[in-house]
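Everything below concerns the one structure shown next.
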Amino acid sequence: NPPASVYKTKQLTTAEQAGNNGAKAYYRGIDAESKGVELDLSGELAKGLQASAGFTVMNLEDEQGKAAKTYMPRRLLRMSATYQVPSLPQLRVGATASWQGGI
């Protein structure tokens, strides 16, 4: 997979939450366009240490140019790493972190 991508997508009659009726949400169909950039990197930083990171920026608008599906984050950052302990090759330790911009 390439480490970066730029995209533009049209979504016809996609569901967007229009409101609530008590505890139940109801939806309407909208035509929307999303544009964005995704960057992904991964590899071995040192012997036994694998890492990956990804960043996404997205813009999603309805047919009038207004923000659509505002419950979806417009910025995402994901990072993870694993380390294979040299003295115990069966043991790997790892961590993952995620961040998203406001919705």
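Under my numbering, think of the first position of the sequence shown as 1059, with each following residue one higher.
Yeah, the Cβ is synthetic: ideal placement off N, Cα and C, and Gly gets one too.
Source: prediction; values computed, not measured.
Burial is judged here by how many other beta carbons sit within 10 angstroms of a residue's own beta carbon; residue 1118 has at least 16 and is buried.
Take residue 1090, set aside five residues on each side of it, and the residues of its chain with a beta-carbon closer than 8 Å to its own are 1068, 1069, 1072, 1074, 1118, 1119, 1120, 1121, 1126 and 1127, in chain order. No residue range can be given for residue 1143, since it is assigned to no beta strand (DSSP E) and is classified by DSSP as neither H nor E.
Annotation for residue 1116: the continuous beta strand (DSSP E) segment containing it runs 1107-1120. Nearest to residue 1157 by C-alpha distance, out of 1143, 1139, 1146 and 1132, is 1132.
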